[in-house]
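Residue numbers (this note's numbering), protein chains in the order written: chain A, 1067 to 1303; chain B, 270 to 544. The beta-carbon is built from N, C-alpha and C at its ideal position, and this holds for glycine as well. Read through the structure below, which is laid out as structure tokens, and then see the notes.
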Amino acid sequence: MLKVDNLSKTFPGNFSATVKNINFELEEGEFCIVIGSNGSGKSTLLKCILGDYNLDAGSISKHNVASVIQDINKGTIPEMTCLENVILSRMRNRSANLRFYHKQEVEIISELKELGLGLESYINKPLIEMSGGQRQVIATMMAITSNPEVLLLDEHTSALDPKTQNLLMEYTIEKIKQQNLTTIMVTHKLEEAVRYGNRLIMLHQGQIILDVKDKDKNKLTADDLFQLFHDCEVSHD
Amino acid sequence: MINELVVTGIFQGLILAFVAYGVMIPFRLLNFPDLTAEGAYPLGGAVCASLLIGGINPIFAMFIAVFVSGMVGVCTAIIHLKFKVNTLLAGIILSIMVYSVNLRIMGKPNIALFDIENIFSNYSGILIIVCIISLLVTPFTLYLSTEKGLRFRAVGLNPEFAKRQNISVSKYTIFGMFIASGFSGLAGSLMVQMQSYMDINMGVGIVIHALAALMIGESITGTNTLNKQLLAPLVGALVYQQMQGLALNLGLAPSDLKFVTGAIVLTVIALRVRK
């Protein structure tokens, strides 16, 4: 479903984190958590998978990928309405027609109602009029309901209050299971890293230093991961 | 006298509206700052005038003029997309090149069309242009409300996002530039028929006139919805042309109008900044 083969990407001036010799493969329905300290290359890895960068070396074979990225202004079109953003994401895997897109409004309203956050009243408002958290929810909903085979989530609940974080996380996990999505979720929260997913990859200075799955992953505790982070920092110093 | 000035202003304003659309589409919808109209407008005039002299039907001559002018926009888009040339520079280079092409097409620096039948020969000029605007701008507005139109707008607003949604940024940019330059070429073809005369220097400064019209229109209609954005070039061109007529009526010489145009543009910009 997703194969990253010997991937390397560096940036002149080192303004962005580099990644080096990354290798891993995800089967259909596999849910992989990616952790690592700031600048370890997590977002760079995701952007490489998304095709935002030309790779220095290696290759990535992937199927229909949808994503929720950290920078919400780049991950959506703030000047367009909620409806228009959602429809654009749904057309990713098909050709656009010469039919009026407003006809899909009823269907999208009912899906927004399913979120239970009252966002359906914003359907025809530009995203720019919504709060950062609301926009993040819409961006997640756009990615999940666009019928992807691979879902990339880059700290997608980071801008939300605790209650909405939980709600969105529950919604995300439910949809991932329902649709058997192959998922990569980047997170800084070690509790989330332990709780969700059947595989865990840890990056340090652009390289994979831990790659565990299933039983081995289940054995890990948040304290184990915290210790790993600590060890990395000590070795780095 | 004043009535005549007002009517001529409406006539010229409606023609200028096409160039204002030709400027608005790249600037506002595609986020592609562009000066190709400076070349596409006289090219439309040159092609139309030469075909009319050759005895071609005026409507057919206009179709050809629009297509040829549209292709200049396509060239600008390709030069930018393939060779990464700045959009403004690509448009200027093309416009300079088109000047020589116009001379080749016309065979001489000016063509008189006084005794030749044109699109305005049998019907009211204003009525004909209103019909043409309705026939072109309405479908374009409807197009922007379709799925394809949504993609078109996405390309201008956030090309990175558009690429992630598998939208071909190049395809929609080229298409948009064809439409925009086609609009400018259409204005040129209408203008030579209105004045029954084509001069090689016809397009000099046309982008500034169109920009002034666009900015005035946007100040009047606002830009917070797509429909207002699409109405702005038409409203702006009509108001701008009346302002020019008023300046003439106040006793200014036609040669002073370029100063007036610049002053109008600066005033509108200053007013926007103060808001």
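Nearest residue (CA-CA) to residue i, options the options
| i | options | result |
| --- | --- | --- |
| P1192 (chain A) | A:L1294, A:K1229, A:P1144 and A:R1265 | A:P1144 |
| L1116 (chain A) | B:K432, B:V288, B:F352 and B:S338 | B:K432 |
| D1137 (chain A) | A:G1198, A:I1189, A:E1180 and A:S1103 | A:G1198 |
| I1126 (chain A) | A:K1113, A:I1135 and A:L1276 | A:K1113 |
| L413 (chain B) | A:M1146, A:E1177, A:N1264 and A:R1201 | A:M1146 |
| L1181 (chain A) | A:N1163, A:I1194 and A:K1229 | A:K1229 |
| C1148 (chain A) | A:I1174, A:D1280 and A:D1277 | A:I1174 |
| R1265 (chain A) | A:S1155, A:G1272 and A:E1093 | A:E1093 |
| G563 (chain B) | B:A306, B:R422 and B:A289 | The structure shown does not extend to residue 563 (chain B), since chain B is modelled only from 270 to 544, so the question has no answer here. |
| F280 (chain B) | B:A456, B:C344, B:I294 and B:K497 | B:A456 |
| S1106 (chain A) | A:N1284, A:D1282, A:L1276 and A:L1068 | A:L1276 |
| L350 (chain B) | B:C400, B:G282 and B:I443 | B:I443 |
| A334 (chain B) | B:G313, B:T345 and B:A318 | B:G313 |
| A346 (chain B) | B:A318, B:V529, B:T494 and B:S450 | B:S450 |
| F332 (chain B) | B:K353, B:G454 and B:E273 | B:G454 |
| Y290 (chain B) | B:S390, B:L357, B:F409 and B:L321 | B:F409 |
| V1152 (chain A) | B:G339, B:A423 and B:G324 | B:A423 |
| S390 (chain B) | B:L404, B:L321, B:L411 and B:L507 | B:L321 |
| E1150 (chain A) | A:K1169, A:Q1202 and A:S1161 | A:K1169 |
Sequence-distant residues of the same chain with beta carbon closer than 7 Å to residue i, five excluded per side
| i | result |
| --- | --- |
| F1292 (chain A) | L1256 |
| V1131 (chain A) | I1115, L1116, P1214, V1216 and L1218 |
| F383 (chain B) | S465 |
| I395 (chain B) | I279, F280 and L283 |
Any chain A beta carbon closer than 8 Å to residue i
| i | result |
| --- | --- |
| T415 (chain B) | yes |
| Q434 (chain B) | yes |
| N518 (chain B) | no |
| L426 (chain B) | yes |
| F430 (chain B) | yes |
| A423 (chain B) | yes |
Interface flag, residue i vs chain B, CB-CB below 8 Å
| i | result |
| --- | --- |
| S1133 (chain A) | yes |
| G1141 (chain A) | yes |
| N1087 (chain A) | no |
| S1155 (chain A) | yes |
| A1205 (chain A) | no |
| E1150 (chain A) | yes |
| E1236 (chain A) | no |
| M1268 (chain A) | no |
| N1163 (chain A) | yes |
| R1158 (chain A) | yes |
| M1146 (chain A) | yes |
| L1116 (chain A) | yes |
Assumed close pair residue i, residue j - CB separation to whole angstroms, cut-off 8 Å
| i | j | result |
| --- | --- | --- |
| N371 (chain B) | Y466 (chain B) | Incorrect: roughly 14 Å between the Cβ atoms, too far for contact. |
| L459 (chain B) | I365 (chain B) | Rounded, the Cβ-Cβ distance is 24 Å, inconsistent with contact. |
| L526 (chain B) | Q513 (chain B) | 6 Å |
| L298 (chain B) | G425 (chain B) | 5 Å |
| E1177 (chain A) | T1223 (chain A) | Incorrect: roughly 19 Å between the Cβ atoms, too far for contact. |
| T1248 (chain A) | G1095 (chain A) | 6 Å |
| I388 (chain B) | I436 (chain B) | Not confirmed; about 37 Å, so no contact. |
| A522 (chain B) | G505 (chain B) | Wrong, their Cβ atoms sit about 24 Å apart, outside the cutoff. |
| M1268 (chain A) | I1101 (chain A) | 5 Å |
| T1076 (chain A) | D1118 (chain A) | In fact, because the Cβ distance is near 15 Å, the residues do not count as touching under 8 Å. |
| V1085 (chain A) | T1110 (chain A) | 5 Å |
Limits of the unbroken alpha helix (DSSP H) element including residue i
| i | result |
| --- | --- |
| F452 (chain B) | V438 to Q464 |
| H349 (chain B) | P327 to F352 |
| N379 (chain B) | Note, N379 (chain B): premise wrong, no alpha helix (DSSP H); beta strand (DSSP E) at N379 to A381. |
| L426 (chain B) | E416 to L426 |
| T1147 (chain A) | Per DSSP, T1147 (chain A) belongs to no alpha helix (DSSP H) and is neither H nor E. |
| G394 (chain B) | G394 to L413 |
| V1260 (chain A) | L1256 to R1261 |
| G486 (chain B) | I475 to T490 |
| T1110 (chain A) | K1108 to L1116 |
| T305 (chain B) | Note, T305 (chain B): premise wrong, no alpha helix (DSSP H); not H, not E. |
| T356 (chain B) | T356 to M375 |
| K497 (chain B) | L495 to N518 |
Interface partners of residue i on chain D, CB under 9 Å
| i | result |
| --- | --- |
| Y1167 (chain A) | Structure shown: chain D not included; protein chains present are A and B. |
Where the beta strand (DSSP E) through residue i begins and ends
| i | result |
| --- | --- |
| Q1273 (chain A) | Q1273 to K1279 |
| N1072 (chain A) | L1068 to K1075 |
| S1161 (chain A) | From DSSP, S1161 (chain A) is part of no beta strand (DSSP E); its letter is neither H nor E. |
| L1234 (chain A) | Unbroken run through L1234 (chain A) is the alpha helix (DSSP H), P1228 to Q1245; no beta strand (DSSP E). |
| L1031 (chain A) | Residue 1031 (chain A) is absent from the structure shown; chain A starts at 1067 and stops at 1303. |
| M1307 (chain A) | Residue 1307 (chain A) lies beyond the residue range present for chain A, which begins at 1067 and ends at 1303; the question has no answer from this structure. |
Beta-carbon contacts of residue i that lie in its chain and below 8 Å, excluding the five residues immediately before and after
| i | result |
| --- | --- |
| A1288 (chain A) | L1256, E1257, A1259 and V1260 |
| I469 (chain B) | P311, A315, Y368, N371, L372, M375, P378 and N379 |
| E1299 (chain A) | S1103 |
The ligand HEM heavy atom lying under 7 Å from the CB of residue i
| i | result |
| --- | --- |
| K1113 (chain A) | The ligand HEM is absent from the structure shown, which contains no ligands of any kind. |
Contact set for residue i: own chain, Cβ-Cβ below 6 Å, skip 5 residues either direction
| i | result |
| --- | --- |
| F287 (chain B) | F452, L455 and A456 |
| I489 (chain B) | V504 |
| M293 (chain B) | L483 and P502 |
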